[in-house]
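Chains as they are written, first to last, in the working numbering: chain A, 14 to 437; chain B, 567 to 976.
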Amino acid sequence: MTTVQMDTAGEILTADNQPLSVALRKALFRQKVRALLLIAPLLLFVLVTFVWPIFGMLWRSIDNSIVPDTLPQTVAALESWTPTDSGETPPEAVYAAFVADMQIAAEERTHTVVGGRLNYETPGIASKFRQLGREVQDWDLARDGPFKEKLIATDEAWGELFIWETINTYSGNYTTGYYANSVDRRLTSDGITARDADESIYLRLFWRTIFMSIVITISCGLLGYPIAWLLANTLDRYANLLLILVLLPFWTSLLVRTSAWKVLLQDQGVINNFLESIGITDSPLPLMHNQFGTIVAMTHILLPFMILPMYSVMKTIPSSYTRAAKSLGATDITAFRRVYFPQSVPGIGAGAILVFILAIGYYITPAIVGGSTGIFISNRIAYNISSTLNWGLAAALGGLLLLMVMVLYWLYDRFVGIDNVKLG
Amino acid sequence: MTINLKRVLALLAFVASMGLLAAACGSSDSGDSATETSSSTDSTADDSASNDDAAADDVAAAPADASDDDPLTLVSWGGAYQQSQINAYSEPYTATTGQTFIWDESSADAVAKLRAMNEADNITWDLVDVVGADAIRLCDEGLAMEIDFDSMLAAGDDGSSATEDFGEYLISDCFIPQIVYSTTVGFRTDLVGDTAPTDICALFDTDTYPGKRSLESRPLNNMEWALLCDGVAKADIYDVLATDEGQDRAIAKLDTIKDDLVFWNAGADTPQLLADGEVVMGSTYNGRLFSAIEEDGQPIGMLWDAQMFDFDGWVVPAGLPEDRLKKVMDFLYFATDTQRLADQAKWISYGPARASSAPLVGQHADLGIDMAQHMPTDPANATNIFVTQYGFWSDYRDDIDAKYQAWLAG
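Written as structure tokens, this is what we have:
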């Protein structure tokens, strides 16, 4: 046996005369570097394709640079003006600056873009900008003033306050207006005010999305647990067959499955026709185009995501524990409740968080079977991206969704613990 | 087992270089995003997928080049409409010039995608088919090229210039109209009782015509019909709708039938709902109803009253490189002349936008029936029409939509 060397301070030395603690630190550091290099491609990929677009989206949700970039002189002139209760329009300097800006903007075809952006906040602005753009290019800045009367002569709307108030409210490089809109408020010159009830949809949709996702997670858990238990505890040949049956819908197209639910659930569909034919109901039950339809279809689609984590955890539970419990006098139910079930909780945790986060972001299935009351917030985000092109609002809604999921994740960590999540 | 650092680094370098090679080769493909469903004629999920899927992006395989030229990328709506364009425009052109085409079915998201392409400075589309409202929006944002109609498009076969031939259908400087289509109501002939509905207000009359109805999930058209049936004179409708009270009035009228309403997102939804018997009447585009009635033989009737006219046509994306622009303008000249627009009517019942094409509209290519009577522009059908007010809707769309969606979700 080699003798252990020691240095003057009493520390153990390695074979090449380094103190053990130093050598250990260096070795651990090298291991960490190796590990980092191994995951470096994946990390880079995630940073570029995931983290950076998210920051891009968050930036879009506060970015308002289109207004000060297109109308710089107007914004500067409006700084000294505040909308008062007397309803006074801005001074001539503002109008002159505005005409100067509009001439340049009309030349570069950006006046309608900024008009469209302002139209999201106050309807009617887009057409005023478009019409003015056609006329303003012929005006001479030096000689055709004063421009206040000239503008009001072309259209009365320039003598009213709404256009100037909107430009004034949205004149900074950054704005909280999109976030205000996404929680059913409006940014005005008096600060953030509430919207009318008949225009408020987003808070309701957020709540509905969370509620339906929770219901879907619970129903997936209740339906998936027995299947996972069966998969883990029967003979191998039955378990293999069962696993194929679980995975087969997983490999089928999402749209095919959702359309199949349409055929089953609609008023003249299979389920309603069957119930009517055996006499249980005389008119069709509303199974689709509402929240029920969305929950049923999404439970079916997300079930494999719940079953597979639970199964892989249950597979690692030794059956000797349950047998030991029974040999000590526990009934089947007590053995399950006190010995088996607590060991399967990490799998339930993994499945639950997976299903919940997937469910919150879904929009194809709710769009097809949800009707008008069963849609999720993601449907509105998609609508704002594709139809209204209000990317700022879509980004704000997306940012809020992200925040919500992060808060829920933190809560989950506090009460269940992320370390209690296993995938087998 | 110890980890050999040199081997790991060599492996990483190899993987990284493979990844770079793959990325460099992959990014030179054009931005095809054909949806995962095929372009069949009427079907349910297909069209709703092409409207609201963003996850299922597949790169379509480019057809084998028949000539030395690169294929042009044309964007349209898929389904029967795109097929009619292929039959009438691109196949004859390929036969004479050898130019090949790739068809992308992204017209539903065209505006958003063109804006994104513009920001990324990489325009991969050559010609885009959009509806009138989208064309105006694209023109406003500078994403579509301005067209000089008389010099870039063919004159009419009757001697009129392009501007005269298209007439008032030239709603924007960037938009070349191809067809006039309308949103109309179809009804189940066997489920509406003895008297077929002839008036748009049958939609709101659940006593005479009990059963569900299907309306679009956007407020367009529904608000006008609601006000019309609430007693507002046709000439005043848009003035009333511009006010808060008018909008509330329209929504209140729609609320009277809300329990019987099913909402559609895609044009194929209503024909499917009618065929299934889910609804007794519903609105959709007239060409879809024509397909369901004549091609599929469904017991559906057309209610032409208060049909809403709209236009569908081409825009050229702004900022195309010179060589592609030249090829596109050559194709455009061919595809928008009098005979071609009349040819498209052989496969789908949408009216050609040129006045000179109307007398050339003949029979359906496969079914042999006269198409003229199925056109929205036919005098028998066009007794009471609305034309989409683009200016009004571009101003008030967001505002009315907020109220409409709040009512829907409530």
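We put the CB at the ideal spot given by N, CA and C, even for glycine.
First through last residue of the beta strand (DSSP E) which encompasses residue i
i, result
"residue 874 of chain B", "866–881"
"residue 362 of chain A", "Run containing residue 362 of chain A: none in the beta strand (DSSP E); it sits in the alpha helix (DSSP H), 354–374."
"residue 789 of chain B", "Taken as a continuous stretch (DSSP letters only), residue 789 of chain B belongs to no beta strand (DSSP E), being part of the alpha helix (DSSP H) at 788–795."
"residue 201 of chain A", "198–201"
"residue 782 of chain B", "779–782"
"residue 849 of chain B", "847–851"
CB contact below 9 Å: residue i versus chain B
i, result
"residue 178 of chain A", "no"
"residue 223 of chain A", "no"
"residue 444 of chain A", "Missing from the structure shown is residue 444 of chain A; chain A here goes from 14 to 437 and no further."
"residue 29 of chain A", "no"
"residue 211 of chain A", "yes"
Within-9 Å CB hit, residue i to chain A
i, result
"residue 696 of chain B", "no"
"residue 815 of chain B", "no"
"residue 677 of chain B", "yes"
"residue 963 of chain B", "yes"
"residue 703 of chain B", "yes"
"residue 578 of chain B", "yes"
"residue 791 of chain B", "no"
"residue 756 of chain B", "no"
"residue 574 of chain B", "yes"
"residue 769 of chain B", "no"
"residue 819 of chain B", "no"
"residue 922 of chain B", "no"
"residue 581 of chain B", "yes"
"residue 784 of chain B", "yes"
"residue 879 of chain B", "no"
"residue 975 of chain B", "yes"
Burial state of residue i, where buried means 16 or more other Cβ atoms lie within 10 Å
i, result
"residue 366 of chain A", "buried"
"residue 280 of chain A", "buried"
"residue 593 of chain B", "Since pLDDT at residue 593 of chain B reaches only 43, below the 50 mark, its modelled position is unreliable, and the value read off the structure follows with that caveat. Counting Cβ neighbours within 10 Å, residue 593 of chain B comes out exposed, since fewer than 16 surround it."
"residue 77 of chain A", "buried"
"residue 65 of chain A", "exposed"
"residue 599 of chain B", "Because residue 599 of chain B carries a pLDDT of 36, less than 50, the predicted location of this residue cannot be relied on, and the following value inherits that uncertainty. Buried, since its Cβ has 16 or more Cβ neighbours within 10 Å."
"residue 643 of chain B", "buried"
"residue 406 of chain A", "buried"
"residue 392 of chain A", "buried"
"residue 160 of chain A", "buried"
"residue 671 of chain B", "buried"
"residue 824 of chain B", "exposed"
"residue 419 of chain A", "exposed"
"residue 707 of chain B", "buried"
"residue 428 of chain A", "exposed"
"residue 250 of chain A", "exposed"
DSSP-derived helix/strand/coil call for residue i
i, result
"residue 312 of chain A", "helix"
"residue 17 of chain A", "coil"
"residue 249 of chain A", "helix"
"residue 710 of chain B", "strand"
"residue 666 of chain B", "coil"
"residue 573 of chain B", "helix"
"residue 291 of chain A", "coil"
"residue 752 of chain B", "strand"
"residue 204 of chain A", "strand"
"residue 426 of chain A", "helix"
"residue 971 of chain B", "helix"
"residue 25 of chain A", "strand"
"residue 639 of chain B", "strand"
"residue 297 of chain A", "coil"
"residue 88 of chain A", "helix"
Residue i, enclosing alpha helix (DSSP H) - first and last residue
i, result
"residue 49 of chain A", "33–59"
"residue 114 of chain A", "105–120"
"residue 80 of chain A", "79–83"
Return the residues of the region 394–417 of chain A that lie within a Cβ-Cβ distance of less than 9 Å from chain B, sorted by chain order. 395, 396, 398, 399, 400, 401, 402, 403, 404
Members of the region 936–960 of chain B near chain A, C-beta cut-off 9 Å: 957, 958, 960
Near-chain B residues of the region 342–354 of chain A - C-beta to any C-beta below 8 Å: none
Looking at chain A, which residues of the region 705–729 of chain B have a Cβ within less than 7 Å of any of its Cβ atoms? 706, 707, 708
Selection of the region 823–845 of chain B by Cβ proximity to chain A, strictly under 7 Å: 828, 829, 831, 842, 843, 844
Just by C-beta distance, which residues in the region 72–91 of chain A are closer than 8 Å to chain B? none
Note down, in chain order, all residues in the region 793–813 of chain B with a beta-carbon under 7 Å from any beta-carbon belonging to chain A. none
Please name the residues in the region 278–307 of chain A whose beta-carbon is closer than 7 Å to at least one beta-carbon of chain B, in chain order. 279, 280, 281, 302
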